[in-house]
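Engineer: Before I ask anything, let me first share the structure, which is written out below as structure tokens.
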Amino acid sequence: MNSRQEAALQAHAEDFIAVHKGDVMKALKEMIVLNGHLQERLDALTAQRRAAR
59 MNSRQEAALQ AHAEDFIAVH KGDVMKALKE MIVLNGHLQE RLDALTAQRR
109 AAR
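Letter by letter, the sequence shown follows residues 59 to 111 in our numbering.
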């Protein structure tokens, strides 16, 4: 990751923490849950594509 990408990621992280009223642990837990949901959706799409072959 270059410095520009790192700065953008930092800004998004700070915004996400602000949404959770500065509670870093709450923000981290929410991010883990959201990533889990996204992974489930990706897995479902991958399974659909494999089944279509």
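Think of the CB as a built atom: it goes at the ideal place given N, C-alpha and C, for glycine as much as any other residue. Here the structure is a predicted model, which means the values were calculated and not measured.
(1) If you check the beta carbons only, do I75 and A66 fall under 8 Å apart?
(2) Distance, Cα to Cα, A105 vs L92?
(3) Tell me the residue span of the alpha helix (DSSP H) that contains G94.
(4) Less than 8 Å between the beta carbons of H78 and E64, yes or no?
(5) Express the C-alpha separation of I90 and A109 in angstroms, rounding to a whole number.
Structural biologist: So, from the listed chains and residues:
(1) no
(2) 20 Å
(3) For G94, the enclosing alpha helix (DSSP H) stretches over residues V82 to A110.
(4) no
(5) 28 Å
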